[in-house]
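Here's the structure, in structure tokens; my notes come after.
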Amino acid sequence: MQPELILLSLNFIIISIAYLWVYPKVAGANLHKITVNDLIASITSLVVAGSLFWGSRHAFSMILFEANWFWFTLITYLIIEIPFLIWYLKHYKVLDKNEQ
């Protein structure tokens, strides 16, 4: 399996588990809890990626440029997370409850 596909799969799996299972049970519509748990999820992704690719000289293709494992993981995590976040905020009416 290509290293890029490994990290993309890792990010997708962590985000899916977080937004579809963990956050609804742990955070609900509490934006602070969502933020803290998301920080934990993103750090988990970086730790796993680091354990796999730390010290490797592999250049990960970001289409327009190449990056090391850290930046590839972080950037792709954010790109994959945005649609999940938008869906979650709308579905659980997070912003509506925080505006009151």
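Read in order, the letters of the sequence shown correspond to residues 19 to 118 in this note's numbering.
Backbone N, C-alpha and C fix where the C-beta goes; we use that ideal spot for every residue, glycine too.
Only a predicted model underlies this, so the values are computations on that prediction, with no experimental measurement involved.
What is the DSSP secondary structure of residue i, reduced to helix, strand or coil?
i: Lys111; result: coil
i: Gln118; result: Low confidence applies here, because Gln118 scores a pLDDT of 49, under 50, leaving its location unreliable and the question unanswered by this model.
i: Leu28; result: helix
Ignore the nearest five residues each way along the sequence and tell me which others in residue i's own chain have a CB closer than 6 Å to its CB.
i: Ala67; result: Leu25, Trp87 and Thr91
i: Pro21; result: His76
i: Glu99; result: Ile33
Nearest CA to the CA of residue i: which residue from the options?
i: Leu23; options: Tyr106, Leu70 and Lys108; result: Leu70
i: Tyr41; options: Asp56, Phe30 and Leu28; result: Asp56
i: Asn29; options: Leu96, Pro101 and Tyr110; result: Leu96
Quick one: what's got a C-beta closer than 7 Å to residue i's C-beta in the same chain, skipping five residues either side?
i: Ile113; result: Strictly speaking, residue 113 in this sequence is Leu, with Ile absent from that position. Leu107, listed in sequence order.
i: Ile32; result: Ala59, Thr62 and Ser63
i: Val44; result: Lys51 and Asn55
i: Tyr37; result: Phe102 and Tyr106
Near residue i, what residues of its chain come up, given a Cβ to Cβ distance below 8 Å and the 5 sequence neighbours on each side ignored?
i: Trp72; result: Trp87
4-residue-minimum alpha helix (DSSP H) runs that sit fully inside the segment 34–104, ordered along the chain: 41–44 and 49–71
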